[in-house]
Amino acid sequence: MRFAGEQVWWSEGRPSEGGRVVVCRAGADGEPPVVDLLPAPWNARTRVHEYGGVSWIPVPRSPADSTDPTDEVPLLAFVEFTDQRLYLLDPLQPDAAPRPLTPSPDEPAGVRYGDFSWDPQRSRLLAVCERHLPAAEERPRITRTVVGIPVDGRGALDADLVEDVLRDVPTADFLASPQLSPDGRELVWISWNHPAMPWDGTVLHLAEMGPGGRATGARSVAGGPNVSVVEPRFVPSNDARVLIVAQSDATGFWRPTLVDPHAGTATPLTDHPADFTGPQWQLGHGSWGRLPDGTVITVPAGRLGVLAADSTEPVPVDERWSWCGDLQIGPDGSVAAVVGGDRIATSVVHLPPGQLGAPQVLRRATDTELDAAWIPEAITRTVDGVHVVIHPPTNPHHTAAPGTSPAVLEIHGGPTAQWPRVRSARTAYFTSRGFTVVGVDHRGSTGYGREYRDALRGRWAGADIDDAIAVARALLADGTIGAALIAGGSAGGLTVLGTVTRPDHPFAGGMSSYGIADLVALGEHTHDFESRYLESLLGPDRQVWVDRSPLTAAGTLRTPVLLLQGGLDPVVPPEQAQVFADACAARGVPHALVLFPQESHGFRAAAARVTALEAELSFAGQVLGFEPPGVPRLPLRTGDSGQAE
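At position 91 of the sequence shown (counting the first as 1) the number is 74 in the working numbering, and the numbers step up by one without a gap.
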């Protein structure tokens, strides 16, 4: 999401278009009607760090670009998914092909860009640039830096004009958040090195911009090996000092923190016991902004909130909004945000200057108005020290007897992540059919401070499994549920597969989406961003990796398993699902492997999503002893590991 003058621009994935990412716009007052800025088949999606992030930015028009001197519609710079080049599009000329701003790489998609900011003094874009270079070993050598990209197109013809802004300063394995001071004289960014992840420890750098537009004299002003600092930006001061606000967890929670490089201080703006942002799996999303009067708009405990200049206690903007995925501040002090709630649809909203209590909805994730009787509650609990969110079955035509509802225990990915506090079609799909859905925030989850987040370090594929089993047993014992399945994707899929190989687990079946079966193979073959993540999650002893791999314990497997997998997944390769299916076949365990050849890490196309969801419901019905109406019966195999497609 970005402001383009007074207009709000945002991107949205379109499952109906195969997962294509489209950039849209609306006027700040909701007029004119929402329009697509990016015509098909263009797809605005970056692969930096493989998980991507913000892949586009509005670009002010130069006099040569303007067809009308009064026109205020900016140009659009975006990364095209297929080749990862940066292009420039004129929204007023939708029939004209976007023109490239970066050169064609030697290797397909071998140079990637993301996390953009505008450099008005030099009429260029700043971006994180990731280069994949050939290497003798299987894994390519990857370098990252911040580059300056001319917007006149010269860089597409001459790679030397896409200049390395950090050429004269020490760099690092990973970089994010390049931001210029308002006068263009100073630059901030964050960095971290293997084996750390950005939620483990990052360093905030400050440098001067030399006359050639390159950084010089860089120094570290915040962060460190055990402090995560993210999302830095310059803020005004009453004198000539450089002041920066960033999210820092130095005090135990990610909190907005005022960094004074000259005084060498980092002062939290609040002591409220909550995380004000989340883990930086993707680049460029906003979790705080500053209004002209000094008020900070931010996201305490995932909710859009206000932190007044004279207060340290945040106040929610709207109690209905239990989740905020992005926020931006406009030049006039207005606020735009992506928000949602347990009982309301995710929406793009605009809050005019001085009217935070009068949001204007610019776009809803769905135009279908659901009857409130079908929308499940969200009940937060702590079960044996584990944070959970319980969504009871919700169907106005049927009511289950207490303690009889089967449950799907959902394990989020990451494992550094959190069960989202927002209305979910997937959750409603199950709760409307008589299931209780339980989102499990096991040890290692975000949203509860650094100590809880670090509780999984060295204990992954152990403590998370213990927590899932403990939650299921407790809910079965107290009559909240009558039976349980366990489901999860990616890292959550590892928890699923690890759980069902435990001899004492209480689950009737496990449903894994692109889950990890072999930790050693994952460490050897996964992408660079996570290639050493396992060192903190499991420790350095490779025998521990072997021992905690679900594949190692598959000899004890007796529980039915559903495996859903994308054929193009670079994070958890398809071989992971296949080897576990083979293990199921060797044991004669009922199982199914459903492969989606054109999907990656997470299913984007509508057809794949529907097929996966119906497969899960059919699987759940079969292992629980009923036949769900209205969905194809999923073939379960025992003696072979062939794929169901």
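Just so you know, even glycine gets a beta-carbon here, dropped at the ideal spot from N, CA and C.
Identify whether residue i lies in helix, strand or coil by the three-state DSSP scheme.
{"i": "Asp348", "result": "Here residue 348 turns out to be Ala, not Asp, going by the sequence shown. Ala348: coil per DSSP, three-state reduction."}
{"i": "Arg616", "result": "coil"}
{"i": "Arg570", "result": "helix"}
{"i": "His333", "result": "strand"}
{"i": "Ala636", "result": "Since the first and last residues shown for the chain are -16 and 628, residue 636 lies out of range."}
{"i": "Leu547", "result": "strand"}
{"i": "Thr363", "result": "strand"}
{"i": "Thr539", "result": "helix"}
{"i": "Leu149", "result": "coil"}
{"i": "Trp357", "result": "helix"}
{"i": "Glu582", "result": "coil"}
{"i": "Gln162", "result": "strand"}
{"i": "Glu652", "result": "This structure cannot speak to residue 652, because the chain is shown only from -16 to 628."}
{"i": "Leu72", "result": "strand"}
{"i": "Glu0", "result": "helix"}
{"i": "Leu189", "result": "strand"}
{"i": "Ala144", "result": "Checking the sequence, you will find Leu at residue 144 rather than Ala. Leu144 falls in the helix class under three-state DSSP."}
{"i": "Trp39", "result": "strand"}
{"i": "Thr126", "result": "strand"}
{"i": "Ser203", "result": "strand"}
{"i": "Leu534", "result": "coil"}
{"i": "Leu339", "result": "coil"}
{"i": "Ala155", "result": "coil"}
{"i": "Arg44", "result": "coil"}
Comparing alpha-carbon positions, which option in the options lies nearest residue i?
{"i": "Arg90", "options": "Thr65, Ile394, Glu518", "result": "According to the sequence displayed, residue 90 carries Glu and not Arg. For Glu90, the nearest C-alpha among the options comes from Thr65."}
{"i": "Gly613", "options": "Phe579, Leu607, Leu596, Asn209", "result": "Leu596"}
{"i": "Trp25", "options": "Pro(-2), Ala80, Pro41, Val37", "result": "Ala80"}
{"i": "Glu0", "options": "Ala588, Leu619, Ala603", "result": "Ala588"}
{"i": "Gly445", "options": "Ala466, Thr351, Pro573, Ala474", "result": "Ala474"}
{"i": "Pro133", "options": "Leu517, Arg107, Pro553", "result": "Arg107"}
{"i": "Arg570", "options": "Ser519, Thr539, Ala591", "result": "Thr539"}
{"i": "Val218", "options": "Glu169, Pro262, Asp183", "result": "Glu169"}
{"i": "Val423", "options": "His395, Ala438, Tyr412, Tyr435", "result": "His395"}
{"i": "Arg620", "options": "Gln581, Asp565, Phe259, Pro153", "result": "Asp565"}
{"i": "Leu75", "options": "Val56, Pro83, Thr85", "result": "Val56"}
{"i": "Pro244", "options": "Asp254, Gly235, Trp237, Ile227", "result": "Ile227"}
{"i": "Val562", "options": "Leu534, Gly207, Gly550", "result": "Leu534"}
{"i": "Thr429", "options": "Asp437, Asp447, Ala400, Glu360", "result": "Ala400"}
{"i": "Gly340", "options": "Phe609, Ile280, Asp450", "result": "Ile280"}
{"i": "Ala83", "options": "Gly622, Val62, Cys7", "result": "One detail in the question is off: residue 83 reads as Pro in this sequence, not Ala. For Pro83, the nearest C-alpha among the options comes from Val62."}
{"i": "His374", "options": "Asp367, Tyr412, Pro194, Gly522", "result": "Tyr412"}
Which residue comes first and which comes last in the alpha helix (DSSP H) that contains residue i?
{"i": "Val318", "result": "Val318 -> not in any alpha helix (DSSP H); beta strand (DSSP E) instead, spanning 318 to 323."}
{"i": "Gln605", "result": "589 to 607"}
{"i": "Leu140", "result": "137 to 140"}
List the endpoints of the continuous beta strand (DSSP E) containing residue i.
{"i": "Phe99", "result": "94 to 102"}
{"i": "Ile373", "result": "369 to 374"}
{"i": "Gln(-10)", "result": "-10 to -3"}
{"i": "Ser519", "result": "Where Ser519 is concerned, there is no enclosing beta strand (DSSP E), although the alpha helix (DSSP H) it sits in stretches over 516 to 521."}
{"i": "Ala455", "result": "No beta strand (DSSP E) holds Ala455; the alpha helix (DSSP H) holding it covers 446 to 460."}
{"i": "Ala384", "result": "It is not in any beta strand (DSSP E) - Ala384 carries neither H nor E in the DSSP assignment."}
{"i": "Asp309", "result": "306 to 312"}
{"i": "Val17", "result": "Looking at the DSSP string, Val17 is not in any beta strand (DSSP E), and its letter there is neither H nor E."}
{"i": "Trp528", "result": "Where Trp528 is concerned, there is no enclosing beta strand (DSSP E), although the alpha helix (DSSP H) it sits in stretches over 525 to 531."}
{"i": "Phe64", "result": "Where Phe64 is concerned, there is no enclosing beta strand (DSSP E), given that its DSSP letter is neither H nor E."}
{"i": "Leu170", "result": "169 to 175"}
{"i": "Trp182", "result": "Taken as a continuous stretch (DSSP letters only), Trp182 belongs to no beta strand (DSSP E), as it is neither H nor E."}
{"i": "Leu116", "result": "107 to 116"}
{"i": "Ile327", "result": "No beta strand (DSSP E) contains Ile327, which DSSP labels as neither H nor E."}
{"i": "Ala(-13)", "result": "-15 to -13"}
Between residue i and residue j, how many whole angstroms is the CB-CB distance? I'm expecting something under 8 Å.
{"i": "Ala92", "j": "Arg30", "result": "6 Å"}
{"i": "Val300", "j": "Leu287", "result": "5 Å"}
{"i": "Leu576", "j": "Leu600", "result": "Not a contact, Cβ separation roughly 17 Å."}
{"i": "Phe696", "j": "Arg127", "result": "Lying outside -16 to 628, the shown extent of the chain, residue 696 is not represented and no answer is given."}
{"i": "Gly492", "j": "Leu468", "result": "5 Å"}
Report whether the distance from the Cβ of residue i to the nearest heavy atom of the ligand SAM is below 6 Å.
{"i": "Pro239", "result": "Inclusion of the ligand SAM in the displayed structure is not the case, the ligand content being empty and no account of it being possible."}
Between residue i and chain C, is the shortest Cβ-Cβ distance under 7 Å, so that the two count as touching?
{"i": "Ala179", "result": "The structure shown contains no chain C; it is built from a single protein chain."}
- request: Counting only runs of 3+ residues fully inside the stretch 217 to 292, write out the beta strand (DSSP E) ranges in chain order.
  value: 226 to 231, 238 to 243, 248 to 251, 271 to 273, 279 to 281, 288 to 290
field: Completely contained beta strand (DSSP E) runs for the stretch 468 to 512, where each covers 3 or more residues
entry: 493 to 496
query: Which parts of the stretch 392 to 449 are runs of the beta strand (DSSP E), unbroken and 3 residues or longer, counting only runs that do not cross its ends?
result: 419 to 424
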